[in-house]
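K.L.:
Handing you this structure, nothing more for now.
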Amino acid sequence: MTIAVIYNDGQFPWQAALYLTLTTGGTSFCGGALISSTWILTAAHCVQGVTAVTAYLGVVSLSDTSRVTAQASRAVVHPSYSSTTLANDIALLQLSTSVSSSSYISTISLATSTLGTGVSVTVSGWERTSDSSSSVSQTLNYVGLTTISNTVCGQTYSSNIQSGIVCCTGTTIQSTCNGDSGGPLITGSGSSAVHVGIVSFGHVAGCAKGYPSAYTRTAAYRSWINSNAGV
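Numbering-wise, numbering that gives the first Met the number 0 puts 138 at position 139 of the sequence shown, and it's gapless, one number per residue.
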């Protein structure tokens, strides 16, 4: 993300760093959120074409040796996901072992009602912190944004903005960036935090151009999440 603030220990205990092994033999990186002891919520585009996923939890720095590591045993991608439009960009990762809660690891509650406009939200991740950055940040960062209407967002992204998407902007050029994908958009903080969106996409022109960023609406997929993960 651009114009990011460095995270404090235990501030986002549900945050997951996902290291992805691709079918092409390469690797990729995404974010996610722990929603139960065995399930992580992320974006479908993160796990498409992936053969293995390693999740780091309880992490501030990606080089932290005290992190908890968990392997994903399977990925569940929304059946109507479109890699072209990024509609229904949501997926679940089931962990091979249960993760224990601690001061630095806990689950986050999921939204059950539609998020309105003009709402203050927070997004976090290990993204590139500028368009010129060549790699993701080694430290977890976050930025405050505000939700906007889908009508306004559609002026930038046209028909790609469906009802299952919520868009946000910053006060200047704050935005998500490469590496944030799949990460959580939240309202509130601490024990009152609620997961309201999944980082989906931004503008092809770059992260620091002032364009809105788009997120999969959590509340729109509550029944699908519950039927697959029991959450």
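The beta-carbon is built from N, C-alpha and C at its ideal position, and this holds for glycine as well.
(1) How many whole angstroms separate the CB atoms of Gly182 and Val120, which I take to be in contact at a CB cut-off of 8 Å?
(2) Give the straight-line distance between the Cα atoms of Ala228 and Ser36, rounded to the nearest whole angstrom.
(3) Less than 8 Å separating the beta-carbons of Tyr55 and Thr41?
(4) Please report the Cβ distance between Ser199 and Tyr214, rounded to the nearest whole angstrom; I am assuming they are in contact, meaning their Cβ atoms lie under 8 Å.
(5) Tell me, to the nearest whole angstrom, how far the beta carbon of Arg221 is from that of Gly163; I am working on the premise that it is less than 8 Å.
(6) Could you tell me the boundaries of the alpha helix (DSSP H) in which Ala38 lies?
(7) Run through the DSSP bridge pairs and tell me what Leu94 is partnered with.
(8) According to DSSP, Leu144 sits in a beta bridge with which residue or residues?
(9) Are the segment 47-65 and the segment 17-33 touching by the rule of at least three beta carbon pairs closer than 8 Å?
(10) Tell me, please, whether the segment 99-112 touches the segment 8-24 by the rule of three or more beta-carbon pairs shorter than 8 Å.
P.N.:
Based on what the coordinates show:
(1) Not a contact, Cβ separation roughly 12 Å.
(2) 11 Å
(3) no
(4) 6 Å
(5) Not really, about 12 Å apart at Cβ, beyond 8 Å.
(6) For the record, residue 38 in the displayed sequence is Trp; it is not Ala. No alpha helix (DSSP H) holds Trp38; the beta strand (DSSP E) holding it covers 38-41.
(7) Ala71
(8) Val120
(9) yes
(10) yes
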